Every structure is written in structure tokens, then in C-alpha cells.
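A short write-up of the structure that comes next.
Protein chains: 2
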Amino acid sequence: MAVESSESNKNSIKPDLVVVGSVAIDTIETPYDKRESILGGSASFSCAGASFFTQVGMVGVVGSDFPESYTDLYRRFNIDLEGLQTVEGETFRWSGVYRKNMDERDTLSTDLNVFADFSPELPTAYRSSPYLFLGNIGPDLQMHVLDQMDDTRFVVLDTMDLWIENAREDLRKVIGRVDLLTLNESEARNLTGEHSLPAAAAKLLELGPRYVLIKKGEHGSMLYSENGVFILPAYPLEVVNDPTGAGDAFAGGFMGSLTEMGRTDDEAMRIAIMHGSVVASFAVEAFSLERLENISRDDIENRVNRFREMVRIP
Amino acid sequence: MAVESSESNKNSIKPDLVVVGSVAIDTIETPYDKRESILGGSASFSCAGASFFTQVGMVGVVGSDFPESYTDLYRRFNIDLEGLQTVEGETFRWSGVYRKNMDERDTLSTDLNVFADFSPELPTAYRSSPYLFLGNIGPDLQMHVLDQMDDTRFVVLDTMDLWIENAREDLRKVIGRVDLLTLNESEARNLTGEHSLPAAAAKLLELGPRYVLIKKGEHGSMLYSENGVFILPAYPLEVVNDPTGAGDAFAGGFMGSLTEMGRTDDEAMRIAIMHGSVVASFAVEAFSLERLENISRDDIENRVNRFREMVRIP
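Read top to bottom, the protein sequences are chains A and B. Oh and the first sequence: position 5 is 26 in my numbering, straight run, nothing missing. Oh and the second sequence: position 239 is 260 in my numbering, straight run, nothing missing.
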């Protein structure tokens, strides 16, 4: 396969956090607006979200049609691109329409293109990174990435219904090798057959991870571990312009914050979840990475401080 | 009208909190169980919930068929019943069925019976109570109760879709006279026409109340005021056996706690909301008042302490 890294043979950077996921070109319609061929994909949102906190390296694949302007945008986020392959063909494309109230969406088309044959290969410099985020790709690919890492300190895995339904055994295997599993409410129920979230979380912890982080969208998130549960509502927003990538931005902010702290205890998890929630709250205020592109770490911390006050118990 | 108070001519008690609402006899079917002719109604759940914190007086109406065992149960909660009228006829009866997962229910029958002609009359001793909870009854009746009070310190009003749709003007008038309006998420949207909760809350605050408390069921609650918002998730439960009365138990625990503290500032609201959430979490663990009947104030505080840890930000 003719693979070339976007940044090969330059001075290799060892990122503190490696993120693997999809890079997509999206066409999105909401009840209020429509945007064509904008930058999307789980790796885009996760890496951008993490970039406020740490040096992140992206592992993914794009086609030869991938616009230079998007690569430039990644660079402005200071995302290392040595792990981003460019292969002959078209980039993964997705289009969808959000229904009224933005709480449901219909997929219009999914063209995997070069993503169909994605085989993630990690640059040498990436293999000794301490933190790894296995974004939402097939569990066999997630396992392949994990096998290339030398000695990770903390691995987080995201998944989705597609893999729960079509690759359940592979998924269970890779879940058994990670430190934290993140998935949304309905996926947790689907994977365990338990409607009650505490019961679902207990079953997921039995698969091996120390932590299970359940995302509930506008209703926040819950972190389960043997020490109990941490519950954080979502940061309340007046306006959501595009929910696409919210979960990925959340995971990116979470992983970035965790990497920055260099700790993986319960207290660090709570702070990182708050950071992830706030990064996600910014992400959904605009299409693609447009909002994240225009905020600073200070904006994040200011919102974190307001959020702290909103959930403070006297 | 032949009205007699259940406790007339005895030593009148001046309750610290007066609660007006419905008393009903319910028949409820869940996916797992069915119970006939059990004690229900907003006043039952609210008064029981408040009783852990303060001396509460119930204002409501029952028929001559109302079982003595239920009056005895009220007395075991130390609820003052001088404001509970008994009139010739049948008590309000409601029956409903919960669907799978308990998140929706269908009403099978509603027989208002003596509740149809309910005209709440407050015992003299109740009129100078500092705290008043106007539970979910018609806004004209809520206004009639408010008019009988001498000098309340803090009035909370609950409502529902029925009144929003059929008595909107009366409802807006009485909302203009209370300190805190509580309603659920969909009702807040319905009453204001705003989908965004912050926008809906802003419009509701413009009607007059200092606080708007939005109940989101299993997703917790939000308190809006000119000082901002306080957000508390729901206490997570493994098992919910009957969600009936959850909102009323929440309101009762909230009002009871507020009354006990004797304060109406933002900090007191936050503590009272936590108490309300915990009381509601107990209430839904069994049918009717069965769970509340078997817990103590210590059980509530123990759960509050576990809850505090679940939402603590380092």
C-alpha cells in the first residue's frame, strides 16, 4: 500500500498523548444551517480538544484529496501529524441531518473511501507515549494499535453500536486490555443487556477496565470505578449549533487534561472530566472545529470556574 | 358544603410549612408489579417528604371512603391534618400503567370525585405559617389559598401541563405572586415556547419568581435565579420500583429542608435541593409511601453524604 506520512522524515516528536481515530469530510444540515465539506471525524475533534493541554499526535488516514487548509488547521492546533497517513484516493466522507431540537440525527451517506483499508501504523516516536486514546474505529484496529505500543501508562477506548453489534468478541477482548472504557448510555445498555446504568457499569468493569465513563450528552457523564461513581452534569448552553463531535471533543479534552496532570487517580479523573465537558461545550457552539479554533486555554479555565460554581454544594 | 376537618376542635398546631395538593387512591401497574388502591396524590408525597425536616400541615380533601389506615399513616409521619377536609363521597382515584423502563406512563382512569369541588380552606392556625407549598392543583385554587395566608416568607408553586394548556392566564397570575416556581423540563418549554432551558428559565423569571426550579427526573434538576444556575444530577439508583410521586416527594423534601433552615438564600436552596433529590430517590424505591415510611432522617443524611461525594469536584 502506498502510504506516506504527512510529516515523515522530519524531526520526530514524541507526543505525550497518541490519538487514533477517523478523519472525515462532513456535510451537515441542522434545523438552522447547512455546511458542506467541513472537517470532521473523531480524530479531528479529539486531537483538537486535547491540544489545549498537551502535545498530541494523530494517527489516522486521509485521501490525496484532503485539503491542505485542513492540514494547516491541524498544525495551528499544534497537533503532530507524523502518524497521519495520506493514501491515494478519497478521504472518508459522511453526511447527516439533525432533526428538530438536535437530539436525533439521520445519516444520509457514509463513504469510507480510504478509511475502509485503514491500517494504523505508529511512528517509532509514538510507541513510547504514556497516554493512548483509541478513538472509535474497529476493535481489531484498536488492538493492532495497542500491540504497537511499548509501555503505555493509561489507555482509553471509545466504541459505538456498530462494533457492539458486529464485532462484539473482538471488542470485549480489546476492552479487557484498556484502563478506561468510554461509551454512551445506550451503548452501555446494548453491550451489557442491562437497562440500569449502575448494573451496566458493574458488568463493564468486570471486563477489565479500572474505569467506565458513560457519556449522556446534554445530561452529562458518569464515571464508575470500584471506588464508586462520580457524576457531572453537562455544561448548560443557550445555543447548540452542531452536536457533531461532542463526544470526541469531550474525550480529547479529558485525555489531554489527564496527560497534562500525569496522574490517573480518581481525583485526576474528576478534573479531567470537567475539562472534557467544557471542551465539548465549546465544540458544539459551532460547526467543525470553528469554535475550538477561536478559544484559548484561558477561555476553557474561565468556563471551568463558572461550571464549578454551578455544581458546588455548600 | 358539608365539610369537616379530620382534626377539628383539637389543640390547633401552627405548622411551619403548609402544603396544599391532591390526595388520591391509586392503582398502578409497572412492568414488574401491580398494586391496587394504594395511597397517592401530590399532598401525600410532599407532606411525607417534608415531614423528615419540619412540622407540616396538609391542606386537601378526601371522601368519606378514605381508609382510616391512611389517616393513621399520615399521623405516623407526624403530618398535621387540621387542613384535611373529609366530605361525603368518594376520594379522588387515579390509575395508570408504566411502560418498559418506567420512563413513560399511560393514564387508565382519573375519577376526581370529591376533588372536583375542592375548595381549600385554611385552618386559622395555618394562615400565619411562614412557608407554603402550592402543590399541583388548579391555579385558581392556588390563588385562593395564597389569598388566605397572612404573611408568608416563602411560597413555592408547582404546576403541570393541564393548567398550562387550560388555565394559562390564571397560572401566569399566580406565578407572579410566588417566590419559586417548580415545574418539569417539558412544562417549562410548553409554558414559554422556548426549547432551550436557559432561555425558558429566563422567561419564567420575568413572570416574577426569584427562583425557577426545573425538574428533569432521572437527569436531576436545575435552579435558575438572577445569580445564575445551580445544577444537581439525580441520585443514581439501581432499581426504581414506582416513579409515581417522585416530583412531589422532591418538592416536599426541598420545602421541608428549606423550612428547617429558616433561610431562603442561594446556599440554602442548594442544600434543600440536595435533600429533595435524596427524599425522591427513596420514594421511588417502593410503591406509595412504603419506602419513606421505613426510613429515618439518618438514612437521608447518610445518602446525602454519599451523594456529596459523588458530585464533589476536587
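Using N, Cα and C, we set each Cβ at its ideal position, and we do this for glycine too. None of these values were measured; they are calculated from a predicted model.
**Prompt:** CA-CA distance, G81/B and T48/B?
**Reply:** 20 Å
**Asked** Taking the C-alpha atoms as reference points, what is the distance between M123/B and V261/B?
**Response** 8 Å
**Asked** Does V250/A come within less than 7 Å of chain B when only Cβ atoms are used?
**Response** yes
**Message:** Helix, strand or coil, according to DSSP, for M22/B in the structure here?
**Reply:** In this prediction, M22/B scores a pLDDT of 41, lower than 50, which makes its location untrustworthy; no coordinate-derived value is stated.
**Asked** Looking only at DSSP bridge pairs, what is T48/B linked to?
**Response** Paired residue(s): S116/B.
**Message:** Tell me the residue span of the alpha helix (DSSP H) that contains R193/A.
**Reply:** R189 to I196
**Message:** Suppose the cutoff is 7 Å on Cβ atoms and the five residues either side in sequence are ignored; what does the same chain contact list for L244/A look like?
**Reply:** Listed in chain order, the non-local C-beta contacts of L244/A below 7 Å within the same chain comprise Y232, L234, V250, F251, M290 and I294, local neighbours out to five positions each way being set aside.
**Request:** May I ask you to report which of helix, strand or coil DSSP gives R231/A?
**Result:** coil
**Request:** Please list, in chain order, all residues of the same chain as R174/B whose beta carbon is under 8 Å from its beta carbon, the five residues on each side excluded.
**Result:** P151, Y152 and T285
**Asked** Does the beta carbon of R126/B come closer than 7 Å to any beta carbon on chain A?
**Response** no
**Request:** Consider the Cβ of N323/B: report whether some Cβ of chain A lies at a distance smaller than 7 Å.
**Result:** no
**Asked** At a Cβ cut of 8 Å, what residues of the stretch 221-247 of chain B count as close to chain A, listed as they run along the chain?
**Response** K237, H240, G241 and M243
**Request:** Return the residues of the stretch 197-221 of chain A that lie within a Cβ-Cβ distance of less than 8 Å from chain B, sorted by chain order.
**Result:** H216, S217, L218, P219 and A220
**Which of helix, strand or coil DSSP assigns to S246/A** = strand
**Request:** Enumerate in chain order the residues of its own chain whose CB-to-CB distance from R361/A is below 8 Å, with the five nearest sequence positions on each side excluded.
**Result:** Nothing can be reported for residue 361/A, as the shown portion of chain A is limited to 22 through 335.
**Item:** Backbone secondary structure at Q106/B - three-state DSSP
**Value:** Q106/B: strand per DSSP, three-state reduction.
**Message:** Looking at the secondary structure, which residues open and close the beta strand (DSSP E) in which L162/B lies?
**Reply:** Bounds of any beta strand (DSSP E) do not take in L162/B; it lies within the alpha helix (DSSP H) bounded by P160 to Q169.
**Interface residues of chain A facing E281/B [CB-CB closer than 9 Å]** = The contact set of E281/B on chain A, defined by CB atoms closer than 9 Å, is empty, because the minimum CB distance reaches about 15 Å.
**Asked** Should I294/A be flagged as near chain B, meaning a C-beta pair shorter than 7 Å?
**Response** So no, I294/A is outside the interface.
**Prompt:** According to DSSP, what are the bridge partners of I185/A?
**Reply:** Its beta-bridge partners do not exist; DSSP assigns none.
**Where Y53/B sits in the DSSP three-state scheme** = coil
**Prompt:** Residues of chain A with CB under 8 Å from M276/B, in chain order?
**Reply:** Correct list: empty, because the minimum Cβ distance to chain A is about 18 Å.
**Message:** If you follow the beta strand (DSSP E) that T203/A is in, where does it begin and where does it stop?
**Reply:** L201 to N205
**Asked** By a C-beta neighbour count over all protein chains shown, 10 Å radius and 16 as the cutoff for buried, is P36/B buried or exposed?
**Response** buried
**Prompt:** Looking at the C-beta of R120/A, does it have a partner C-beta in chain B at a distance below 7 Å?
**Reply:** no
**Asked** Which residue's Cα is closest to the Cα of P254/A: G274/B, S242/B, S90/B and D179/B?
**Response** S242/B
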